[in-house]
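Peer 1: Sharing a structure, written as structure tokens. Questions coming.
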Amino acid sequence: MERREFVASLVAGGCAGMCVDLTLFPLDTIKTRLQSQQGFYKAGGFRGIYAGVPSAAVGSFPNAAAFFVTYEYTKALLGTGGVFALPHVAPVTHMLAASLGEVVACLIRVPTEVVKQRAQASLSSSTYNILLATLREEVCGNQKLIPFSLVQFPLWEYLKTLWSSRQGHTLYSWQSAVCGAVAGAVAALVTTPLDVAKTRIMLAKAGSTTASGNIPLVLYDVWRSRGIAGLFAGSIPRMTFISVGGFIFLGAYEKVRRTLL
212 MERREFVASL
222 VAGGCAGMCV
232 DLTLFPLDTI
242 KTRLQSQQGF
252 YKAGGFRGIY
262 AGVPSAAVGS
272 FPNAAAFFVT
282 YEYTKALLGT
292 GGVFALPHVA
302 PVTHMLAASL
312 GEVVACLIRV
322 PTEVVKQRAQ
332 ASLSSSTYNI
342 LLATLREEVC
352 GNQKLIPFSL
362 VQFPLWEYLK
372 TLWSSRQGHT
382 LYSWQSAVCG
392 AVAGAVAALV
402 TTPLDVAKTR
412 IMLAKAGSTT
422 ASGNIPLVLY
432 DVWRSRGIAG
442 LFAGSIPRMT
452 FISVGGFIFL
462 GAYEKVRRTL
472 L
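Numbering-wise, our numbering puts 353 at position 142 of the sequence shown, and it's gapless, one number per residue.
Laid out in structure tokens, this is it:
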């Protein structure tokens, strides 16, 4: 990857991350409270839906920037030759690039997500106090992230390629955004149960069984107590959030990156 492409991916990724996170933050708060163990209204209902926004604002730029730089660099590296350069292997290349991007980005995302979601579901504490408590309880290091990007990004790339081949030229930024919205909605639906488990783990008290991070055990507990509806709790706002978010996030990324290049 050339220096110019590196800078473009870095800036475009960071701008896209901040844009989508701050725009759709209230909907994310509602989704988090729907999934919380104490229930929607006990977790705050519709009150203080911007609780936790400082941590989201601080973490969104470097998080998204780290992801896209890694994603684009890995795509470029794997696409230089060999089996990964073949067209029919492209989805695997995108999955590998997305998964590596998530690994790098999680170094920023995990602490930010824990603080943000605890603030969303605990109105009585400030972000600063929650951060201190989180660090004290050493929750951050034990969380597992959902493999959302493994579904979204290969699908996004596939939809872009399909649409581009049918119209005979490179997609406009708004068309990439539409592909991002569709890919995001599909990925959101498929991974909702894992997101429920992640939310339960992040909101759990340190030392509890749920806080141990055993996702299958958490999912079984949710299914036993709330059934299928519990596993897909918050799926509608999650799909709406991620679909609209995918439109803004990937559309803004493509627009800014192309402008810089």
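Yeah, the Cβ is synthetic: ideal placement off N, Cα and C, and Gly gets one too.
Under 6 Å Cβ to Cβ from alanine 219, same chain only, skipping five residues before and after it: list those, please.
Peer 2: As a first step, residue 219 is located in the sequence shown; it is residue number 8 there, counting from the start. Cβ within range, chain order: Arg468, Leu471, Leu472.
Peer 1: Which term fits proline 427, buried or exposed, when burial requires 16 or more other beta carbons within 10 angstroms of its beta carbon?
Peer 2: In the sequence shown, the residue the question calls residue 427 occupies position 216. Proline 427 should be labelled exposed.
Peer 1: How would you write the range of the alpha helix (DSSP H) that valine 294 sits in, first residue to last?
Peer 2: As a first step, residue 294 must be located in the sequence shown, where it is residue number 83. From DSSP, valine 294 is part of no alpha helix (DSSP H); its letter is neither H nor E.
Peer 1: Could you tell me whether the Cβ atoms of alanine 309 and phenylalanine 272 are closer together than 8 Å?
Peer 2: Mapped onto the sequence shown, residue 309 falls at position 98. Mapped onto the sequence shown, residue 272 falls at position 61. It is not a contact, given that the beta carbons lie outside the stated cut-off.
Peer 1: With a CB to CB cut of under 7 Å and the five nearest residues on each side skipped, what residues in its chain are close to phenylalanine 217?
Peer 2: Counted from its first residue, the sequence shown places residue 217 at position 6. Excluding sequence neighbours, phenylalanine 217 sits near Val280.
Peer 1: What number of angstroms, rounded off, separates the C-alpha of alanine 244 from the C-alpha of alanine 316?
Peer 2: Residue numbering aside, residue 244 sits at position 33 when the sequence shown is read from its first letter. Residue numbering aside, residue 316 sits at position 105 when the sequence shown is read from its first letter. Per the sequence shown, residue 244 should be read as arginine rather than alanine. Cα to Cα, arginine 244 sits roughly 24 Å from alanine 316.
Peer 1: Is valine 362 closer than 8 Å to valine 401 when the C-beta atoms are compared?
Peer 2: The sequence position of residue 401 within the sequence shown is 190, counting from 1. The sequence position of residue 362 within the sequence shown is 151, counting from 1. Contact: yes.
Peer 1: Given this structure, state the Cα-to-Cα distance separating glycine 391 from isoleucine 412, to the nearest angstrom.
Peer 2: Within the sequence shown, residue 391 is the residue found at index 180, counting from 1. Within the sequence shown, residue 412 is the residue found at index 201, counting from 1. Looking at the two C-alpha atoms, the distance is approximately 28 Å.
Peer 1: Could you give the first and the last residue of the continuous alpha helix (DSSP H) run that contains methionine 413?
Peer 2: The residue you call residue 413 lines up with position 202 of the sequence shown. From DSSP, the alpha helix (DSSP H) with methionine 413 extends over 384-414.
Peer 1: Within the same chain, show all residues whose beta-carbon is closer than 6 Å to that of glutamate 313, passing over the 5 residues directly before and after it, in chain order.
Peer 2: On the sequence shown, residue 313 is found 102 positions in, with the first residue counted as 1. Excluding residues within five positions, the ones whose Cβ falls inside 6 Å are Ser360.
Peer 1: Starting from lysine 371, trace the alpha helix (DSSP H) both ways and give me its first and last residue.
Peer 2: For the purposes of this step, residue 371 is taken as the residue at position 160 of the sequence shown. Looking at the DSSP string, the run of the alpha helix (DSSP H) that includes lysine 371 is 359-378.
Peer 1: Using a threshold of 8 Å, state whether the C-beta atoms of alanine 398 and leucine 366 are closer than that.
Peer 2: In the sequence shown, residue 398 corresponds to position 187, counting from 1. In the sequence shown, residue 366 corresponds to position 155, counting from 1. Yes; because the gap between Cβ atoms is below 8 Å, this pair is in contact.
Peer 1: If you draw a straight line from the C-alpha of tyrosine 464 to the C-alpha of alanine 262, how long is it?
Peer 2: Start at 1 with the first residue of the sequence shown, and residue 464 comes out as number 253. Start at 1 with the first residue of the sequence shown, and residue 262 comes out as number 51. Answer to the nearest angstrom: the Cα atoms are 26 Å apart.
Peer 1: What number of angstroms, rounded off, separates the C-alpha of tryptophan 374 from the C-alpha of valine 455?
Peer 2: For the purposes of this step, residue 374 is identified with residue 163 of the sequence shown, where counting begins at 1. For the purposes of this step, residue 455 is identified with residue 244 of the sequence shown, where counting begins at 1. C-alpha separation (whole angstroms): 19 Å.
Peer 1: Put glutamate 283 into one of helix, strand or coil per three-state DSSP.
Peer 2: Position 72 of the sequence shown, counted from the start, is the residue given in the question as residue 283. Three-state DSSP puts glutamate 283 in a helix.
Peer 1: Where do the ends of the alpha helix (DSSP H) carrying methionine 450 lie?
Peer 2: For the purposes of this step, residue 450 is taken as residue 239 along the sequence shown, with counting starting at 1. Looking at the DSSP string, the run of the alpha helix (DSSP H) that includes methionine 450 is 446-471.
Peer 1: What three-state label does DSSP hand threonine 381 in the structure shown?
Peer 2: Within the sequence shown, residue 381 is the residue found at index 170, counting from 1. Here threonine 381 sits in coil by DSSP.
Peer 1: Please classify glutamine 249: is it buried, with 16 or more other beta-carbons within 10 angstroms of its beta-carbon, or exposed?
Peer 2: Within the sequence shown, numbered from 1, the residue matching residue 249 stands at position 38. With fewer than 16 other Cβ atoms within 10 Å, it is exposed.
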